[in-house]
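**Q** So the protein sequences, as listed, match chains C and A. For the first sequence, counting from 1, position 40 maps to 293 in this note's numbering; every step adds exactly one. For the second sequence, counting from 1, position 109 maps to 132 in this note's numbering; every step adds exactly one. One structure, as structure tokens, below. Some questions next.
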Amino acid sequence: GAGVSQSPSNKVTEKGKDVELRCDPISGHTALYWYRQSLGQGLEFLIYFQGNSAPDKSGLPSDRFSAERTGGSVSTLTIQRTQQEDSAVYLCASSLNPLATNEKLFFGSGTQLSVL
Amino acid sequence: AQSVAQPEDQVNVAEGNPLTVKCTYSVSGNPYLFWYVQYPNRGLQFLLKYITGDNLVKGSYGFEAEFNKSQTSFHLKKPSALVSDSALYFCAVNGNNRLAFGKGNQVVVIP
């Protein structure tokens, strides 16, 4: 696609429900990242996928958070039993090559998650 | 761990005046530094990066940044700010195959 696409753009859910956030990276990009943006907190790294390698999950805040990337393309971030502190903008980004080569990241517009 | 700090929450500047957004870094080894901008309701966009070479890096939309090793800084600058430059600016450093971002600076350009 022309850019990184995320859906939905907005999601309102009730505390305790599960949510799935989708990211469609730029075609051909091997690296995919999820970040969380909270008001006044900057961007928090969540998880990193690179090709067929095992993902770097070191940024996931709890075991309620998980992500997968199927076929090296689309990624889904799942939050189980949502809590109010999960409310944030979830940003997906992709790059052509790993960041070790100092590639720039291309970001999607994000999913605004609100947990009531 | 690699990290950056953006000491100011908000920067207000009059249109036409010089704009500076501050960033300091803490890294082990050579720093790879980036600036990204986020316009309202949009994703982050790449502005510029410093990898090696000239300390003054030029980027998109007339922005530039100066790498200063002795002060461990990578301040973003624009000689003459536009109202359309009003946005959230993030400094970032590359480490462990990820970008570590600062908390961001809200820039408000006053007409």
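We put the CB at the ideal spot given by N, CA and C, even for glycine.
On the CB-based measure, 16 or more other CB atoms within 10 Å of its CB, does Ile133 (chain A) come out buried or exposed?
**A** Label assigned to Ile133 (chain A): exposed.
**Q** Can you tell me whether Val44 (chain A) is helix, strand or coil according to DSSP?
**A** Note: Val44 (chain A) maps to strand in three-state DSSP.
**Q** Measuring only the C-alpha atoms, how far is Ser109 (chain A) from Val131 (chain A)?
**A** Approximately 5 Å between the Cα atoms of the pair.
**Q** What's the C-alpha gap between Phe97 (chain A) and Glu356 (chain C)?
**A** Whole-angstrom Cα-Cα distance: 18 Å.
**Q** In angstroms, rounded to a whole number, what distance separates the CA positions of Leu274 (chain C) and Thr331 (chain C)?
**A** If you take the alpha carbons of Leu274 (chain C) and Thr331 (chain C), they lie about 6 Å apart.
**Q** Using the beta-carbon of each residue, which ones in chain C are nearer than 9 Å to Ser97 (chain A)?
**A** Per the sequence shown, the amino acid found at residue 97 (chain A) is Phe instead of Ser. In chain order: nothing, as chain C lies at least about 14 Å away.
**Q** How long is the line joining the alpha carbons of Trp287 (chain C) and Leu296 (chain C), rounded to whole angstroms?
**A** Whole-angstrom Cα-Cα distance: 10 Å.
**Q** With burial defined as no fewer than 16 other Cβ atoms inside 10 Å of the residue's Cβ, what is the status of Leu94 (chain A): buried or exposed?
**A** Checking the sequence, you will find Gln at residue 94 (chain A) rather than Leu. Exposed, by the Cβ-count rule.
**Q** Using a Cβ-Cβ cutoff of less than 8 Å, which residues in the same chain neighbour Ser367 (chain C) once the five nearest sequence positions on both sides are dropped?
**A** The residues are Asn263, Lys264, Val265, Thr266, Ser340.
**Q** Tell me the DSSP secondary structure of Gly325 (chain C) in three-state form.
**A** Gly325 (chain C) falls in the helix class under three-state DSSP.
**Q** Taking the beta strand (DSSP E) that Phe124 (chain A) belongs to, which residues open and close that run?
**A** 121-124 is the extent of the beta strand (DSSP E) around Phe124 (chain A).
**Q** Contact between the region 46-58 of chain A and the region 25-32 of chain A: three or more CB pairs below 8 Å?
**A** Output reads yes: the region 25-32 of chain A touches the region 46-58 of chain A.
**Q** Are there three or more Cβ pairs, one per stretch, closer than 8 Å when the region 28-36 of chain A is compared with the region 78-95 of chain A?
**A** They do not touch, by the three-pair rule.
**Q** What's the gap between the Cα of Thr283 (chain C) and the Cα of Phe360 (chain C)?
**A** Each residue's Cα considered, the two are about 14 Å apart.
**Q** For the region 338-362 of chain C, which residues have a beta carbon sitting closer than 7 Å to at least one beta carbon of chain A?
**A** Going along the region 338-362 of chain C in chain order, one finds Leu344, Pro351, Leu352, Ala353, Asn355, Lys357, Leu358, Phe360, Gly361, Ser362 with a Cβ nearer than 7 Å to chain A.
**Q** Where does Glu38 (chain A) sit, in a helix, a strand or coil, going by DSSP?
**A** Reduced to three states, the DSSP call for Glu38 (chain A) is coil.
**Q** For Val106 (chain A), which of helix, strand or coil comes out of DSSP?
**A** The answer is helix: DSSP assigns Val106 (chain A) an H, G or I state.
**Q** Figure out for me which residue from A:Glu38, A:Ala37, A:Gly66, A:Ser51 has the closest Cα to the Cα of Gln365 (chain C).
**A** Residue A:Gly66 is the option with its Cα nearest to Gln365 (chain C).
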